[in-house]
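Undergrad: Just dropping this structure here.
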Amino acid sequence: MKNRRSTLSAAAACLLTFSVTGCSSDAKPQPTTASASASETSASSSSSSATSAVAGTDQSAAILSATLPAVKGSLDGKVDQTPATLNVSDVRVNKRETILTFWHTGDDKMLVSYGEYSWERLPTLVDQAGKKVYSPLTFINWEGDTVCMCTDAAYIRGVPQPRTIAYPPLDESVTSIDVKQEGFEKPITVPVTREP
518 MKNRRSTLSA AAACLLTFSV TGCSSDAKPQ PTTASASASE TSASSSSSSA TSAVAGTDQS
578 AAILSATLPA VKGSLDGKVD QTPATLNVSD VRVNKRETIL TFWHTGDDKM LVSYGEYSWE
638 RLPTLVDQAG KKVYSPLTFI NWEGDTVCMC TDAAYIRGVP QPRTIAYPPL DESVTSIDVK
698 QEGFEKPITV PVTREP
């Protein structure tokens, strides 16, 4: 039994030695044109990353000279019982959504409490002909709160700050829409801009 184990061990050792030496040869491998040395590869990748990087540019002039979008309709009313003006700039529609651009102006310095958490108090879009009311799109954030897909509240005094709100896409037939908000007696009717 001991001889048999010795014989098996010796056979396994020979087989292992044969398989390792049988796979190698004394001939040196010939380089191919497709391969590159490690230093060539390193130099090539560092030069390509340097050329693919985008250099930053100074955008201060463009930002500081920016103007408000044109107002297509405005209306005086109240925000939280404070006199304010609702300014509507644009209603753009594509296949996925409708985007309202608007802002408030007024004399009193106050934070508009109609932010992302108060989405029920934000403007709605009313299609009078189709008898439909479009409310802001909402989602549940990581804290479990329902918030709108919109920019949050901003001060209404000083430099006006345009805000945007996302709504479901309007029907294809809609060419103008009423923008209605709590605290403003009438809606503001504005044309709809269609995007592809």
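In our numbering, the protein residues as written are 518 to 713. Glycine included, C-beta positions come from ideal geometry on N, C-alpha and C.
Counting only the same chain and skipping the five closest in sequence on each side, list residues whose C-beta sits under 7 Å from that of P704.
TA: V643, D695, V696, K697.
Undergrad: I'd like to check one pair, R711 with V605: are the Cβ atoms closer than 7 Å?
TA: Not a contact, by the Cβ cut-off of 7 Å.
Undergrad: DSSP three-state call for A683: helix, strand or coil?
TA: It is a strand residue.
Undergrad: Hey, could you find the ends of the beta strand (DSSP E) A601 is sitting in?
TA: Note, A601: beta strand (DSSP E), 599-610.
Undergrad: By how many angstroms is the C-alpha of T641 removed from the C-alpha of E699?
TA: Using only the alpha carbons, I get a separation of about 9 Å.
Undergrad: Is the beta carbon of P679 closer than 7 Å to that of W620?
TA: A contact, by the Cβ cut-off of 7 Å.
Undergrad: With G590 and E702 assumed to form a contact (beta carbons below 8 Å), what rounded beta-carbon distance in angstroms separates them?
TA: Wrong, their Cβ atoms sit about 14 Å apart, outside the cutoff.
Undergrad: Could you tell me the alpha carbon to alpha carbon distance between T615 and V608, rounded to whole angstroms?
TA: Their backbone Cα atoms lie some 7 Å apart in a straight line.
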